[in-house]
Amino acid sequence: MSIWFITGASRGLGRRMVQAALAAGDSVVATARQPEAVLEAAPGAGDRLFVHALDVADQAQAIAAVAAGVERFGGLDVVVNNAGYGVFGAVEEVSDDEARAVFDANVFGVLNVTRAVLPTLRAQGSGRIVNIGSSAGIAVGAGRGIYGATKFAVEAVTEAMRAELAPLGIHVTVVELGSFRTEFLAHGEQRRPRVTIDAYAATVGSLQQAIDANDGVQPGDPDKAVAAIRAVAVAVDPPLRLPLGSDSLALFDQKASSLRQTADAERERASTTDYATA
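Read left to right, the sequence shown gives residues 0 to 277 (the numbering used here).
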């Protein structure tokens, strides 16, 4: 059986991951800013569930939560960086404070927890880190620029850690989720800028309308996503990237095609900028 450390465990995908791990007989360190909500979601879990308060943007809290979890279970096998939220608005509309806050949660939260767990995983010579990203980390359109930037950053961090940690026996994967039927699109979960600019009504405004219409009817089944993540987390050779949802896969195909078209179109120009060889 495995020992899981899951952030953002009080709702959505994190909550389901806690429940699935407990149902499989695993032990779980479940963290959230509101830990009482985790206990409500997993009554009767007994000694296999250890709940700890954690705001991932606070490095000291991350260190304390990891230390408490390791003391409770003796180690960690799978770390899931799930905590985070979405901000949807034009880049110009999102204020500095709003942008920094979502980066604190979605990017620096991943870094804080990862730095806290790595000494334990390195000492063990084993472990898995699963970073919950988004298809918005692959390609973005109007209204998703700041949120997408946080998920692009998670992509970069994961790719680097994959190369750094594989020789140490630690595997790292980023999950690019499409649109799944969780609470993510609900008004209490995703945020919008305090300031809106009329010039973006036809682009960003259309996105906001689509978000509202899609809440509760997203195509992705979160329980199936959890099953896929669990399978990858214990695989002998897990992939660097795990796209989930047909919409995410479509974005992968579109982005790959766009990159290939650009490389082909600009190949001659790009090659002219090297120093001439003798």
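Note that the Cβ used here is the ideal one computed from N, Cα and C, for glycine as well.
Which residues bound the beta strand (DSSP E) around residue i?
i	result
residue 45	Looking at the DSSP string, residue 45 is not in any beta strand (DSSP E), and its letter there is neither H nor E.
residue 168	Unbroken run through residue 168: none, as it is neither H nor E.
Mapping the DSSP letters down to three states, classify residue i as helix, strand or coil.
i	result
residue 186	Unreliable placement is indicated for residue 186, whose pLDDT of 48 sits below 50; the coordinate value is still reported in the next sentence. In the structure shown, residue 186 sits in coil (DSSP, three-state: anything other than H, G, I, E or B).
residue 92	coil
residue 4	strand
residue 280	In the structure displayed, the chain extends from 0 to 277; residue 280 sits before or after that span and is not available.
residue 194	coil
residue 251	helix
residue 274	coil
residue 237	coil
residue 217	coil
residue 134	helix
residue 201	coil
residue 25	coil
residue 140	coil
If you follow the alpha helix (DSSP H) that residue i is in, where does it begin and where does it stop?
i	result
residue 243	Element bounds for residue 243: not the alpha helix (DSSP H) but the beta strand (DSSP E), 240-243.
residue 229	221-232
residue 179	Per DSSP, residue 179 belongs to no alpha helix (DSSP H) and is neither H nor E.
residue 68	58-72
Which residues does DSSP pair with residue i in a beta bridge?
i	result
residue 30	51
residue 127	77, 170
residue 86	190
Since residue i contacts residue j with CB under 8 Å, what's their CB separation in whole angstroms?
i	j	result
residue 76	residue 2	5 Å
residue 146	residue 87	6 Å
residue 89	residue 169	Actually they do not touch by this definition, with Cβ atoms about 39 Å apart.
residue 254	residue 137	5 Å
residue 291	residue 172	Not covered by the structure: residue 291. The range shown for the chain is 0 to 277.
residue 221	residue 12	6 Å
residue 178	residue 204	Incorrect: roughly 19 Å between the Cβ atoms, too far for contact.
residue 153	residue 101	In fact, because the Cβ distance is near 12 Å, the residues do not count as touching under 8 Å.
residue 65	residue 116	5 Å
residue 79	residue 131	7 Å
Alpha carbon to alpha carbon, what distance is there between residue j and residue i?
i	j	result
residue 157	residue 263	28 Å
residue 34	residue 260	48 Å
residue 93	residue 208	18 Å
residue 139	residue 74	38 Å
residue 285	residue 161	Summary: the structure shown does not reach residue 285, with the chain confined to residues 0 through 277, and so no result is reported for it.
residue 20	residue 270	51 Å
residue 232	residue 198	44 Å
residue 56	residue 159	21 Å
residue 186	residue 122	Legend: pLDDT at residue 186 = 48, less than 50; position of this residue unreliable, no value from coordinates given.
residue 32	residue 246	30 Å
residue 84	residue 67	25 Å
residue 48	residue 99	33 Å
residue 176	residue 70	32 Å
residue 44	residue 128	24 Å
residue 40	residue 17	9 Å
residue 165	residue 120	12 Å
residue 227	residue 200	38 Å
residue 28	residue 133	23 Å
Less than 6 Å between the CB of residue i and some heavy atom of the ligand ADP, yes or no?
i	result
residue 161	Although the ligand ADP was asked about, the structure shown includes no ligands whatsoever.
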